[in-house]
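Numbering (the numbering used here), first residue to last: -9 to 117.
Structural data, given as structure tokens:
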């Protein structure tokens, strides 16, 4: 049994939509960003959005993952939350394709991760 967390191969269209959304929010986006955590471990994020308003700097970590069974979804959420925590990133966004189960969404909320269904990214661009 494969216990590795499945990370989804990001389609070019989805990657472009997520990047556009973050840029519309004023973020400078880095794909495949590598950050050194407090633990000394280097972590890679699908995307990292950073913006500075002159007073405060904001960083949002983005993970794009495939939903699946409950165990897989929980593993994805915990792995992402732990990486973000180790790097001191408070704002976390998980793009899920297909949509996560209700239980997984609740778990993500408890881990301070905003979950967006991959199909909704286009809708966000028009807001």
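For every residue, glycine included, the Cβ atom is placed at its ideal position computed from N, Cα and C.
> Over what stretch of residues does the alpha helix (DSSP H) that includes residue 65 continue unbroken?
Replying inline: 60 to 76
>> Just list the residues that DSSP pairs residue 41 with in beta bridges.
In response: 48
>> Could you check whether residue 35 and residue 52 sit closer than 9 Å to each other, using their CB atoms as the reference points?
In response: yes
>> So for residue 31, helix, strand or coil by DSSP?
In response: coil
> Does DSSP put residue 108 in a helix, in a strand, or in coil?
Replying inline: helix
> How long is the line joining the alpha carbons of residue 16 and residue 59, rounded to whole angstroms?
Replying inline: 35 Å
> Between residue 19 and residue 25, is the Cβ-Cβ spacing less than 9 Å?
Replying inline: no
> Among 111, 97 and 3, which residue has its Cα nearest to the Cα of residue 85?
Replying inline: 111
> Per DSSP, which one or two residues make a beta bridge with residue 24?
Replying inline: 34
> So, do the region 37 to 46 and the region 61 to 75 have three or more beta carbon pairs nearer to each other than 8 Å?
Replying inline: no
> Applying the criterion that 16 or more other CB atoms from any shown protein chain within 10 Å of the CB defines a buried residue, is residue 100 buried or exposed?
Replying inline: exposed
> Do you know how far the Cα of residue 61 is from the Cα of residue 27?
Replying inline: 25 Å
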